[in-house]
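In what follows, a single structure is set out as structure tokens and then discussed.
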Amino acid sequence: MSSSKRELLDLYEAMQRIRRFEERVSEQFAAGKIPGFVHLCIGQEGVAVGACAGLNPDDYITSTHRGHGHLIAKGGELDKMMAELYGKETGYCKGRGGSMHIVDVGLGILGANGIVGAGTQIAAGAGLSSKVRDSGQVVVCFFGDDASTEGMFHESMNLAALWDLPVIFMCENNLYGQFTPYEKHTRVPNVAEKARAYGVPSVIVDGNDVLAVREATDEAAKRARSGGGPTLIECKTYRWHGHMEGDVYGYRTEAEIEQWKEKCPIAGLRSRLIAEGIASQEEFDGIDEKVEAAVAAAIEFAEGSPDPDPSTATENVYAVESRSGVIPESDEVDQLPMAVAIQQALREEMERDESVVILGEDVAIGVFGVTAGLLSKFGGNRVLDTPISENVIAGAAVGAAMTGLRPVAEIEFGDFLTCCMDPIINQMAKLRFMTGGQVRLPLVIRTNTGSGFSAGAQHSQSLEALLMHVPGLTIAVPSTPRDAKGLLRTAIRSDNPVLFFEHKGIYFNPGAVPRGEYTIPFGSADIKRPGTDVTVVAIAAMVNKALSVAERLAEEGISIEVIDPRTLVPLDRQLIIESVKKTGRLVIAEEGCLTGGFGAEVAATAAKEAFDHLDAPIERVAARDTPVPFAPKLEQAVIPGEDRIEEAIRAIVGG
Ligand SMILES: Cc1ncc(C[n+]2csc(CCOP(=O)(O)OP(=O)(O)O)c2C)c(N)n1
């Protein structure tokens, strides 16, 4: 690959910008001016610059905790980066991200990431988005050698290979994972060999030779753009500083460090170009001066910038939803099971908006029949049958949502959410906030919840309350076909990540579903039955149980108000408080375990906001704090039935 003098000097300048930026960061950190964890890539600049040199401005990169070099190489502004490191309002993420989490969506920088391996999943999602939109964009996914021992890496490689995604997996093998040599963490001598297991072509290059990295990337990018799928490039390199600033653990010898300093990528290019007569010493000195001034200006900018205002600390947890977009229901209804109502919502939203795609295990066939038939209608580009890889299903949904799609990912059973906690808790719930509001995460995770089928403790849990503890997520738990359809439409149109829990015990219960387009807003509870003596707040399958108890007790003159919050987050606390103020008695019914359950949150709200109106202790009905048993009799003993709701009501009305 031939290069003009200008191109070669640009490569030099880009590496030098990274080097001097980080050397000055190191000084400022030592001076106590930069807080947090700071991981420097000094010595590795050839990888970042070689990989980004041939990319188009709209191509994507995903980065790591050691990301400054990648971001600068992709065009990141030194001022905003430095200000972010200082935790200033003028930083890339308004001081919400810091060194490990810088993002510039406008430059295709989908983020440094504090979670080792997470970038591989986001890259797979961005690659999917590029493929579905047929945009021709490639994704360079930087990762360290030790990320290749994370499960996320393997699921991402497999998915990218399977779907021929335009992703270049760019391994920076700096020989250490934190404080341990690579060979102590794996039996496979080269990361490149791991790619072969997934049918992905791979190559090993000298990461300190910027031209070699650029050439390998160029070839991989051509393959990716022409539909040839992913490539893994393993760049052998070395970091001169410790794992993080302040690392004094002494796990490497001085001799080893010195030996690698001899192979400096920047000095190497400089002496080569001088020796070949391409550029002079003076020209390099000129570039160095320019870089020096830019870095000094960045420090001045950061130091002169304001701190974020503490009163804004909770901004950007959620994108603002437009309530004015609520579409009212028609009076004409059809009787449909919930599974069909959900399918209708999916089909109609996919017809309305071509950025809506479905991905998940066996979605072509449709577990519980929900997605059946969508593949033949919308094709394999929009209904994507995935391998059994929950982590990358959710992680790819994050990357796809950041880059223009509205993915609806299905996790086959709610219990398997445990296999994708990183993308849910650390990525989709955090990225809008951590990027200072730069990204939207318009994605839905559909899954089922609940028990009743002798499916055992790993296919019967109700985990919705567990996730209420994570700011950034919206949690919907419909109890009727009508609510399921209207809420799912809202979820798909939302700019926030929504976890949509469908109780498997009520999938096939028919109910009235309004004809035509309608949406149900989040945070709007529904009074399923009005009453005056006791408020029962119930969710999912407990709503019907509460309604039958209410029907029975009405014959005895006990008037029960049944409230279904429909979304646990946001929670319509106001409607519940008003009801409790009216009835003076509260029962909360859920199928999840008692301890730390949804009911605890509602009880605390009522105790605070309606204390003077309560005529009796608050009662909670929930599963016993036990895994859900297999034998039907045992399962019934653990999961609350109508009898326990009735008991709770009688305990506080004295009947
Ligand atoms: C999921 C996760 N596990 C552990 C860590 C702690 N940690 C941060 S960096 C790191 C080492 C990563 O090594 P590698 O991927 O080779 O990248 P390098 O630091 O060498 O650039 C570890 C273990 C983390 N941030 N995320």
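Reading the sequence shown from the start, the letters are residues 0 to 654 in numbering that gives the first Met the number 0. We put the beta carbon where it would ideally sit given N, CA and C, even for glycine. The structure presented is a predicted model; accordingly, all values stated were derived computationally and were not measured.
| Check | Outcome |
| --- | --- |
| At least three beta-carbon pairs within less than 8 Å, the region 470-480 to the region 143-158 | no |
| Residue span of the alpha helix (DSSP H) that contains Arg431, given as start and end | 430-433 |
| Delimiting residues of the beta strand (DSSP E) encompassing Asp618 | Checking the displayed sequence, the identity of residue 618 turns out to be Glu instead of Asp. Element bounds for Glu618: 618-622. |
| 3 or more residues per run - each beta strand (DSSP E) lying fully within the region 502-582 | 509-513, 525-528, 533-537, 559-563, 566-568 |
| Opening and closing residue of the alpha helix (DSSP H) in which Asp208 lies | It is not in any alpha helix (DSSP H) - Asp208 carries neither H nor E in the DSSP assignment. |
| Arg488 to Arg572 span [Cα, whole Å] | 23 Å |
| Ligand 2 heavy atom lying under 7 Å from the CB of Ser461 | Among the ligands in the structure shown, ligand 2 does not appear; only ligand 1 can be found there. |
| Contact belief for Gln15 with Val290 at Cβ below 8 Å, rounded distance in angstroms | 5 Å |
| Cutoff 8 Å; reference Ser453; Cβ partners in own chain excluding five residues on either side | Phe629, Ala630, Pro631, Glu634 |
| Any non-hydrogen atom of ligand 1 within 7 Å of Glu171 CB | yes |
| Beta-carbon proximity list for Lys93, same chain, < 7 Å, skipping 5 on both sides | Pro307, Gly435 |
| DSSP state of Gly654 mapped onto helix, strand, coil | Interpretation of Gly654 is limited by its pLDDT of 48, a score under 50 that renders its predicted location unreliable; no figure is taken from the coordinates. |
| Top-ranked residue by Cα proximity to Leu231, from His242, Asn189, Ala254, Gly267 | Asn189 |
| Tyr175: CB within 7 Å of a non-hydrogen atom of ligand 1 | yes |
| Run of the alpha helix (DSSP H) containing Val391, from where it starts to where it stops | 389-401 |
| Spatially closest choice to Phe377 from Val355, Ile387, Val397, by CA coordinates | Val355 |
| Range of the contiguous alpha helix (DSSP H) that encloses Lys73 | From DSSP, Lys73 is part of no alpha helix (DSSP H); its letter is neither H nor E. |
| Whole-angstrom distance between Val637 and Asn623, CA atom to CA atom | The question names Asn, yet the displayed sequence has Arg at residue 623. Approximately 5 Å, taken between the alpha carbons. |
| Distance cut-off 7 Å: Phe142 Cβ against heavy atoms of ligand 1 | yes |
| heavy atom of ligand 1 below 7 Å from His100 C-beta | no |
| Delimiting residues of the beta strand (DSSP E) encompassing Asn142 | Residue identity check: residue 142 is Phe in the sequence provided, not Asn. Note, Phe142: beta strand (DSSP E), 138-143. |
| Under 8 Å between C-beta atoms of Val402 and Ile392 | Just to set this straight, residue 402 is Thr in the shown sequence, not Val. No, the Cβ-Cβ distance between Thr402 and Ile392 is not below 8 Å. |
| Sequence-distant residues of the same chain with beta carbon closer than 6 Å to Met337, five excluded per side | Pro480, Ala483, Ile505, Tyr506 |
| Minimum C-alpha distance to Ala363 - residue among Ala408, Asp494, Gly68, Leu498 | Ala408 |
| Nonlocal neighbours in the same chain, by C-beta distance under 7 Å from Ala318, ignoring five residues either side | Arg431, Arg439, Asp494, Asn495 |
| Ala400 Cβ short of 7 Å to ligand 1 heavy atom set | no |
| Residue range of the beta strand (DSSP E) that includes Pro406 | 405-410 |
| From Ala52, Gln43, Leu358, Tyr85, residue whose alpha carbon lies closest to that of Ala26 | In the sequence as presented, Ala is not what sits at residue 26; that position holds Glu. For the residues Ala52, Gln43, Leu358, Tyr85, the minimum Cα distance to Glu26 belongs to Tyr85. |
| For Val294 and Arg19, the rounded distance between their alpha carbons | 7 Å |
| Backbone CA spacing between Ala30 and Glu302 [nearest angstrom] | 13 Å |
| First through last residue of the beta strand (DSSP E) which encompasses Gln15 | Element bounds for Gln15: not the beta strand (DSSP E) but the alpha helix (DSSP H), 4-29. |
| Option in Ile617, Glu550, Gly556 with minimal Cα separation from Ile576 | Ile617 |
| Stretch pair the region 243-254 + the region 181-196: three plus CB contacts closer than 8 Å | no |
| At least three beta-carbon pairs within less than 8 Å, the region 97-104 to the region 30-43 | yes |
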